[in-house]
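Asks: First the structure, then my questions, so here it is.
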Amino acid sequence: MFDLNQEITKWRNNLTRSETLGESDIDELEGHLREDVGSLKGSKLSDEEAFLVAAHRLGDTAHLSDEYAKINHGKRFRRNVSWIITGILTYMLAMHFDAAVSKECVLLAANSGITGYRSLGFIGFGSKILTLITTFFYGYFFCRLVIQTHGFKKQIKQLTTRMCPLMKLLVLLLMTVVFRSAFSIPVPAFRPMNIQQYVVQASIYTKSLWSVFLPVILVMILINLSKPNLHEVE
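Using the working numbering, the letters of the sequence shown map in sequence onto residues 607 to 840.
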């Protein structure tokens with residue numbers, strides 16, 4: 607027996623395989639499909655006949671993907687850049703977390719009586735690898751959960767839209783505090799340094815500032831990319 611809702615679910619799942627169709631696009635297409643099916647059923651067609659005619663009118667997945675690829679070109683670009691920035695931020699966070707865990711493991715091993723730089727180095731290296739693998743699997747399963755949960759991405763987008771002004775304000779305040787702190791730190795007077803020592807000191811100072819400002823800048827870019835355009839807001 608033909609089940610209309612089941613067939614629409616299969617039709618929808620087929621559309622989700624397209625990289626150019628977002629969840630909001632598929633929701634819109636499903637709305638058009640159901641509306642067309644309803645009008646066709648009023649013309650004395652069965653559920654199966656109405657579904658086949660309505661699906662044919664909308665077009666197959668390849669045709670819809672091509673059409674929406676033209677419409678969503680800018681949105682796809684922002685989404686790809688957002689994923690790249692998210693990956694960079696995740697990598698940076700994982701590296702800091704990995705270094706902290708490795709350092710703690712080495713300290714625990716040293717306090718437990720383990721000596722020798724080879725043994726401690728092996729413990730530090732092993733803890734780094736184990737932390738990275740654990741982080742990778744947690745991130746992988748979280749991404750799968752996000753992709754497979756219907757409506758989750760839409761809720762995240764709505765939450766991001768509402769929190770966007772507050773997040774921008776918090777990031778701006780953070781940048782202001784860090785910037786003022788960076789140039790307010792008193793530098794003790796040492797004996798006169800030569801040019802090479804000045805260059806080394808400036809490089810260390812620049813690296814410290816960059817390690818703080820780079821994540822902040824990337825977060826600002828990610829917030830702006832995540833903000834939908836007016837025509838994308840329902």
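Glycine residues also receive a C-beta, built at the ideal position from the N, C-alpha and C atoms. Keep in mind the model is a prediction, meaning the values are calculated, not measured.
1) Measuring alpha carbon to alpha carbon, tell me which of 609, 718, 706 and 607 ends up nearest residue 736.
2) Please list the terminal residues of the continuous alpha helix (DSSP H) segment that includes residue 657.
3) Use the C-beta contact count for residue 749: other C-beta atoms within 10 angstroms, 16 or more gives buried, fewer gives exposed.
4) I'd like the span of the alpha helix (DSSP H) that includes residue 642, first residue to last.
5) Does the distance from the C-beta atom of residue 674 to that of residue 622 stay below 7 angstroms?
6) Quick check on residue 681: does DSSP put it in helix, strand or coil?
7) Given residue 691, which residues of its chain have a CB within under 8 angstroms of its CB, disregarding the five upstream and five downstream residues?
8) Could you check which residue in 688, 658, 628 and 614 has the C-alpha nearest to that of residue 670?
9) Alpha carbon to alpha carbon, how far is residue 686 from residue 662? Give it in angstroms, no decimals.
10) In angstroms with no decimal places, state the Cα-to-Cα distance between residue 633 and residue 817.
11) Quick check: what's the CA-CA separation for residue 803 versus residue 809?
12) Count the other CB atoms within 10 Å of the CB of residue 631; is the residue buried (16 or more) or exposed (fewer)?
13) Assuming residue 639 contacts residue 610 (C-beta within less than 8 angstroms), just tell me the rounded distance between them.
Replies: With the given structure in hand:
1) 706
2) 653-664
3) exposed
4) 629-647
5) no
6) helix
7) 824, 827, 828 and 831
8) 628
9) 31 angstroms
10) 41 angstroms
11) 10 angstroms
12) buried
13) That belief does not hold up - the Cβ atoms of residue 639 and residue 610 are roughly 10 angstroms apart, past 8 angstroms.
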